[in-house]
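Protein chains in written order, with my numbering: chain F, 1 to 148; chain P, 1001 to 1148; chain V, 2001 to 2386; chain C, 3001 to 3386. Every residue gets a Cβ at the ideal spot worked out from N, C-alpha and C, and that includes glycine. Here's the structure, in structure tokens; my notes come after.
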Amino acid sequence: MQFRDFSLLVRDTKVRGFAEGLERGELRASRCVGCGAVHFPPRSDCPTCWSGEFTWEPITGTGRLITYTLIKVPPRHFAPDLTQRAPFSTYVYAPTAVGLVEMEDGLRVMGWVCGVAAQNLHVGMALTPKPEVLDDGRATIVLKSEGC
Amino acid sequence: MQFRDFSLLVRDTKVRGFAEGLERGELRASRCVGCGAVHFPPRSDCPTCWSGEFTWEPITGTGRLITYTLIKVPPRHFAPDLTQRAPFSTYVYAPTAVGLVEMEDGLRVMGWVCGVAAQNLHVGMALTPKPEVLDDGRATIVLKSEGC
Amino acid sequence: MARVGVVGIGHSRFGIREDASLRELAFEAVRSCINDADVPLSDVQSMVVAIASDELSYALQPSAQVGDYIGFHPKPSFRAEAACASGSMAVRAGWMNIASGLADLVLVVGAEKMTEASTPDVTEVLGRAGDFLWEHPFGMTFPGYYAMIARAHMAKYGTTEEQLAAVAVKNHKYGALNPNAHMRKEITLEKAMSSFVVADPLKLFDCCLVSDGAAAILLASEAVAKKLRPDPVWLSGLGLGTGSLALAHREDLTSLEATVEAAGQAYRMAGIGPEDVDVAVVHDCFTIAEIVAYEDLGFCPRGEGGPLVEHGETCIGGRIPVNVDGGLKSKGHPVGATGVAMAVEIVKQLRGQAEEGRQVPQADVGLSHNVGGNGQHTAVHIFTRA
Amino acid sequence: MARVGVVGIGHSRFGIREDASLRELAFEAVRSCINDADVPLSDVQSMVVAIASDELSYALQPSAQVGDYIGFHPKPSFRAEAACASGSMAVRAGWMNIASGLADLVLVVGAEKMTEASTPDVTEVLGRAGDFLWEHPFGMTFPGYYAMIARAHMAKYGTTEEQLAAVAVKNHKYGALNPNAHMRKEITLEKAMSSFVVADPLKLFDCCLVSDGAAAILLASEAVAKKLRPDPVWLSGLGLGTGSLALAHREDLTSLEATVEAAGQAYRMAGIGPEDVDVAVVHDCFTIAEIVAYEDLGFCPRGEGGPLVEHGETCIGGRIPVNVDGGLKSKGHPVGATGVAMAVEIVKQLRGQAEEGRQVPQADVGLSHNVGGNGQHTAVHIFTRA
Ligand SMILES: [Zn+2]
Ligand SMILES: [Zn+2]
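As structure tokens, this is what we get:
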């Protein structure tokens, strides 16, 4: 079975609003109507108050890089010679760095790091998570340095 | 991941001699050197006497059909429009019948039934199991009626 | 031996659930189970999760998706699997978890998300539940195996295609009354008989549905169960049997050795016989499977399964009501969920909480029968009120 | 609480086993286990099988392949799974099977056939052990997750790439002495440091091998164990913890919450502390994982895992010998087999049967630590001689 793209994966679920957000350039967290907890990755059911009602809110601002890696050996779905179908993000991003940033409110976002040379990456640096639509029309999440 | 063909499946194991037999037109059972038990599908380890030594012997003669079916909805690996790679047996055999014959010594062999119209199939009829190499160069097992 | 009780039951709606992912389906079942038990999830000490296919779940350790989404970590959880009988393996492991003294409140969850994959993909994955090396290469599909069992049963006992169809008609009749069922509509014998052939002699209406869904039960030690509710249902008999991987190796193609073995264990452990069972859910992945189950479970003599259903003896009011929740046939078969959903149904029946028209009167002893593949694994569980 | 003993151990050769299929590998381990226990398989009442991936096995209910091939049916058997920790889930389920009173002689088998698939395929399947929905789409691979853990550990504690490499050097040194190991050859620090980068900062020699293999143990109730042999090793402590599916949700990226939880449970149950452990096998799927395990298991204070291995304290003769079988790093990591193989190694050490140069003297208490995915599941088991 083939790896499916990100948007498709979330389209079939109660968090399909996330994919809609991505396509509009908005990175969204979900907020529980019952207890106010904010979740990213977004959830549509709350394990604290058991509510199933959520609203969407955008993740904005800049976060700090808390860890990162450079994937040099990509999995099959990113290996261009091994599959004709390029899912979600195309391999142009590999071996670019993948990072995890922590926002001021504590939410953490994983994404491709953009605009920083590998040797200049360091834990603690400021990066801004943004959705980005690639030239194949699919959306992904990018962590942008200033000026990128 | 794709379904792999039959010969490949057994090539990696201690029963790889079965695949070699198929290619030479011989349907083989395995006989345990320790206790003499004969196995089909072939085994290379004996759960009775725990021996790991086996010899090959051909399955010959005619058996009786003990059950059968006509597969009208084939699985993906036999569905011609859904995969470009036709493994083991090509779909030309579907929806031809699949049957299970019991030989005189009690061994049972599953295979494609050849040369019998669907409405003439019946439990108890005589059929002879034979390996057959298809036009794609891959081997399979066919249960042949007289004159087929 | 230690007694283990069921103190909570939960069930998602089964069907083509485009609105929910695997984890969201599991949440739905767990929420309803926790509500039913009226116990906070924080009191639950351990969990066992049944999901049949890594591949359909696009995940290794798919149980982690469930544990994470219901907020269960860092507490113990693992996955139990035996294809279509996975749910019953999780129930069994949950029982062992408590009876061994490791925990006294254990959640058992079964879930499967099947309808995202294409029909040929699902057919492919399920077909591998049989002997993928020596039988699958002959175009054998999951229906193909049961078609061979049906053909052998017809040849040996004179079982008819009409008797097979009678199973479907009965199960759709009850499924129509079950709000959680996938296909809530009655069918006629004519409709069943004239549906297209999938694997001769099995037609479309001889085959269960491919569904998404989840179910959950909460198990408790005897002391805790009695504290939590006045009416726990007891899991009094456990049986687990296995059969040869290849259909070719079954001495008798018209019976599942695994069921006979599992039933023997379960009846012995519960101290009852088939005649004591008031209501049963059996594994009707195909109509022939229900008929074979009648015989293997001892509900009727060998070869009389066809006449049993034909004469209405497995309807409510008959000798032994079977699959009055609709069965896999009409309620649906999200494979990992099925065994747990069977436990939910039997508890519902024993509590007298089934919907109108499908409640078996005075049901004190219930049985579930859950088969993996074409008989490689079978679990039989017996539930009692006293 | 009931005592459960290990009365037999079996282990196949690990490696690229082109000569054997999944079922044949399992047979190899079971045969050696049955020989070691000197008990006929017909006396064994029940079985639990660990296989991590349906997809790599080309089968639903892959446990049926094992049961069929060793001739176990119609007796009970099912599969336990938690990715790379599957083997320990089967050990746990085997313990529960006996402690619950359902059986008193239970076989536990772990097996995996991995090298038939291509490297990108295996990378793909293992990568799905993490959060396939929210993290896998960023090219995240299994090494990628541990690379992020390594980077965080380096940033917080100053752990160095040389310290990571020291784990590899140690484990290869001992693996060279283990006849069942996949790669029986020592490596130098220079070689490890100069190998190519897989996921920065992890290099090739920071990663475990992809292997085929199987292992088996036979568990018995206290009474049966004492009857069968004078020296049963007791499975005295069981711990099972879970962690968030997404790495992003770990409060501390330098520790696995699942390990801390599992270790706490196991130490409590066995009535011991980390200082009592004479020999340990820990889950070194990547070198950083072994360093984090030292800290999470309490073998050293937080942040001192790097110096611990650098100073030779986890070699024989040091404070606590770890992975003197070669670890996953050099012995190999057929994922489903690993947890069972860990039990085999600890029993071997406690019996004093390890090969020359890798036997820990006077080992009375042993510990195994087995992680599923990047910390979604962790099992810690404690074995004792008395
Ligand atoms: Zn809430
Ligand atoms: Zn023999």
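Distance from the C-beta of G3241 of chain C to the nearest heavy atom of ligand 2 is not below 7 Å.
The beta carbons of R43 of chain F and V101 of chain F sit no closer together than 8 Å. Of the residues assessed, E3275 of chain C falls on the exposed side of the cut-off, its CB having fewer than 16 other CB atoms within 10 angstroms.
Proximity of S2077 of chain V to chain C, defined by a Cβ-Cβ separation below 8 Å, is satisfied. Annotated three-state conformation of H1122 of chain P is coil, per DSSP.
Only buried fits H3136 of chain C, as 16 or more other CB atoms lie within 10 angstroms of its CB. Going by beta carbons, D3278 of chain C and A3363 of chain C fall inside the 8 Å limit. Contact between the stretch 3076-3094 of chain C and the stretch 1047-1059 of chain P is absent: fewer than three C-beta pairs spanning the two stretches fall below 8 Å. Relative to ligand 1, A2085 of chain V has its C-beta separated by 7 Å or more from all heavy atoms.
With its beta carbon less than 8 Å from one in chain C, E2055 of chain V belongs to the interface. At a cut-off of 8 Å between beta carbons, Q3065 of chain C contacts chain V. DSSP places T140 of chain F in the uninterrupted beta strand (DSSP E) bounded by A139 to K144. The beta carbon of T67 of chain F falls within 8 Å of a beta carbon belonging to chain C, placing the residue at that interface. Counting C-beta pairs closer than 8 Å gives fewer than three between the stretch 2182-2189 of chain V and the stretch 2309-2324 of chain V, which falls short of the contact rule. G2087 of chain V is a Cβ neighbour of G2336 of chain V, given a cutoff of 8 Å. With a 10 Å radius around the Cβ and a threshold of 16 neighbouring Cβ atoms, C49 of chain F comes out exposed. Assigned with DSSP and collapsed to three states, L3256 of chain C falls in coil, not helix or strand. Applying a distance threshold of 6 Å between residue Cβ atoms and the heavy atoms of ligand 1 selects F:C32, F:G34, F:C35, F:A37, F:C46, F:T48, F:C49 and F:S51, given in chain order. Residue environment: R2268 of chain V is assigned as exposed (fewer than 16 neighbouring CB atoms within 10 Å of its CB, all protein chains considered). Per the C-alpha coordinates, the member of C:G3010, C:F3014 and C:V3007 positioned closest to K3331 of chain C is C:F3014. P1074 of chain P has a beta carbon lying at 8 Å or more from every beta carbon in chain C. Within the stretch 2023-2036 of chain V, E2024, F2027 and R2031 place their CB atoms closer than 7 Å to a CB of chain F, listed in sequence order. The secondary-structure analysis by DSSP pairs G111 of chain F across a beta bridge with F:G99. Bounds of any alpha helix (DSSP H) do not take in S2012 of chain V, whose DSSP letter is neither H nor E. Annotation: P1047 of chain P has no Cβ neighbours in chain V at a cutoff of 8 Å; minimum Cβ distance is about 11 Å. In the DSSP secondary-structure assignment, L2022 of chain V is not bridged to any residue.
In this structure, G2005 of chain V keeps its C-beta atom at 8 Å or more from the C-beta atom of D2036 of chain V. Taking 8 Å as the CB threshold, D3068 of chain C lines the interface with chain V. For M3096 of chain C, the uninterrupted alpha helix (DSSP H) segment begins and ends at S3086 to A3099. As far as DSSP is concerned, V1116 of chain P takes part in no beta bridge.
Interface residue (Cβ-Cβ distance to chain P less than 8 Å): A2147 of chain V is classified as such. Between the beta-carbon of I3288 of chain C and that of H3153 of chain C there is about 6 Å, and that keeps the pair under the 8 Å contact cut. At a cut-off of 8 Å, the C-beta of G2213 of chain V has no neighbouring C-beta in chain F.
The criterion of a C-beta distance shorter than 8 Å is not satisfied by V3122 of chain C and A3093 of chain C.
S51 of chain F and P3334 of chain C have their C-alpha atoms roughly 42 Å apart. In summary, the residues of the stretch 1105-1132 of chain P whose CB is separated from some CB of chain V by less than 7 Å are R1108, M1110, G1111, W1112 and V1123, in the order they occur in the chain.
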